[in-house]
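Colleague:
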Amino acid sequence: MGVKAVHFNGTTHLQNGALPVMPASSRYGLLSYWYNTSSSVTQTIISTIIIIGGTNRTTMGYFILVVYSVLFLRMSLTLIPDSV
Amino acid sequence: MLPHDGNWHNIQISWDTQSGSCSAYLDNSALTMSDDGGTFGPPFDVSYDTHGLLWRGGTFYAPGDSSTSDYVAAYVGDLAELFFVAGTPVDITDPDVRAKFIDPDALLPVRIDAGGLWPFFDSLGVVSQIWLSGNQDLFPRNYPGWSATCVSQTDSDQHHSLPWSATSRRPTATPSAPRSQASDLHPDGDLGPP
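Chains as they are written, first to last, in my numbering: chain A, 129 to 212; chain B, 341 to 534.
1. In whole angstroms, give me the CA-to-CA distance for residue 167 of chain A and residue 132 of chain A.
2. Bridge partners of residue 449 of chain B, per DSSP?
3. Rounded to whole angstroms, what is the Cα-Cα separation between residue 138 of chain A and residue 346 of chain B?
4. Determine, for residue 449 of chain B, whether the minimum Cβ-Cβ distance to residues of chain A falls below 8 Å.
5. Please report whether the beta-carbon of residue 190 of chain A lies at a distance below 8 Å from any beta-carbon of chain B.
6. Quick check: what's the CA-CA separation for residue 447 of chain B versus residue 161 of chain A?
7. In the structure shown, what three-state DSSP assignment does residue 140 of chain A receive?
8. Distance, Cα to Cα, residue 134 of chain A vs residue 153 of chain A?
9. Taking 8 Å as the limit between beta carbons, can you name the residues of its chain near residue 442 of chain B, skipping five residues before and five after?
10. Run down chain A in chain order and give the residues with a C-beta less than 9 Å from the C-beta of residue 420 of chain B.
11. Taking the beta strand (DSSP E) that residue 152 of chain A belongs to, which residues open and close that run?
12. In whole angstroms, what is the alpha-carbon distance linking residue 150 of chain A and residue 426 of chain B?
13. Can you find the residues in the same chain that come closer than 6 Å, C-beta to C-beta, to residue 431 of chain B, ignoring five residues on each side of it along the sequence?
14. Where does residue 434 of chain B land, buried or exposed, given buried means 16+ other C-beta within 10 angstroms?
15. When you measure from the CB of residue 354 of chain B to every non-hydrogen atom of the ligand FMN, does any distance come out below 7 Å?
16. Spatial neighbours of residue 469 of chain B within its chain, please: CB distance less than 7 Å, with the 5 preceding and 5 following residues excluded, ordered by chain position.
17. Pop quiz: residue 472 of chain B and residue 422 of chain B are said to be a contact at Cβ under 8 Å. What is the actual Cβ separation, rounded to whole angstroms?
18. Could you tell me whether the Cβ atoms of residue 157 of chain A and residue 363 of chain B are closer together than 8 Å?
19. What does a CB cutoff of less than 6 Å around residue 543 of chain B pick up in its chain, not counting 5 residues either side in sequence?
20. Give a yes or no on whether the minimum CB-CB distance between residue 417 of chain B and chain A is below 8 Å.
21. For residue 356 of chain B, report the span of its beta strand (DSSP E) as first-last.
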């Protein structure tokens, strides 16, 4: 018995193809997952969540970036600029 | 630094875009966040109904993006039990809340109940907008009725399955937040009773 997992081989990714039902507006967010890797490639993206408005990122949003490297942890909660 | 030692690790991150606060835990231990050079604030709410939501796992720049960069590499490894919740404050600084996702003693996942819901959602009545779970066929299917664009993951269960914690609690299934045919989405029964 165990929790099933999926494997990413470095050339694959997962991306939403449609919008799930989301709240109209919110200040809160939560992200949780399990990962397992032995790759030593620096600055590897595990997951991102990006909230943007329009193709030019002209509205407020944020992204959660989970990256690991051999040297440091890097995460961010960032406001995308109002204008590009 | 996040471990990449061939073992399973749990990440929990919560944020509040009004206060600019963000909390993160690795295997039930607090992490220090860095801002990655970005700009924090001013306070704002995210309008999910009018703005685009883009979620990617395993990469930041998808093939075909004009803004490709060698800044990051695509992920090589396994991923399991991903939850994304918007619209509900979740205080992961509370050990009891973190214990809904990870057993604090064994540092393993808590058991999913027969209805496919985690104790967290059962107890608080919160429905995760994105919940990715299962093998390569099931993982891209959000619950309920939503699919992601999945690009050729492989089922790592044969090699890297997460064992259940012997001390995990097993909640009673409730119909408060039904998922669409959750049991049918896990025909192998791995998420059912032991």
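Glycine residues also receive a C-beta, built at the ideal position from the N, C-alpha and C atoms. Computed from a predicted model, the values in this text were never measured in an experiment.
Modeller: Let me lay it out:
1. Distance between the alpha carbons of residue 167 of chain A and residue 132 of chain A: 20 Å.
2. Residue 449 of chain B is bridged by DSSP to B:442.
3. Straight-line measurement puts the Cα of residue 346 of chain B at about 16 Å from the Cα of residue 138 of chain A.
4. When Cβ-Cβ separations below 8 Å define contact, residue 449 of chain B makes contact with chain A.
5. Confidence is the limiting factor: at residue 190 of chain A the pLDDT is only 46, short of 50, which leaves the residue's position unreliable, though a coordinate-based value still follows. The beta carbon of residue 190 of chain A falls within 8 Å of a beta carbon belonging to chain B, placing the residue at that interface.
6. When rounded, the distance between both Cα atoms is 13 Å.
7. Coil.
8. Approximately 31 Å between the Cα atoms of the pair.
9. These residues qualify, in order along the chain: 350, 352, 367, 368, 448, 449, 450.
10. In chain order, 131, 132, 133, 134, 161, 162, 163, 164 make up the part of chain A whose C-beta sits under 9 Å from the C-beta of residue 420 of chain B.
11. Per DSSP, residue 152 of chain A lies in no beta strand (DSSP E) and is assigned neither H nor E.
12. Roughly 7 Å between the two C-alpha positions.
13. Within the same chain, residue 431 of chain B has close Cβ partners 437.
14. Exposed, since its Cβ has fewer than 16 Cβ neighbours within 10 Å.
15. Among the components modelled here there is no ligand, and therefore nothing to report on the ligand FMN.
16. Closer than 7 Å at the Cβ level, and outside the excluded window around residue 469 of chain B, lie 424, 425, 426.
17. Rounded to the nearest angstrom, the Cβ distance from residue 472 of chain B to residue 422 of chain B is 4 Å, consistent with a contact under 8 Å.
18. No.
19. With chain B covering only 341 through 534, there is no way to say anything about residue 543 of chain B.
20. Interface flag for residue 417 of chain B against chain A is set, since a Cβ pair is found closer than 8 Å.
21. Counted as a single uninterrupted DSSP element, the beta strand (DSSP E) harbouring residue 356 of chain B occupies residues 348-356.
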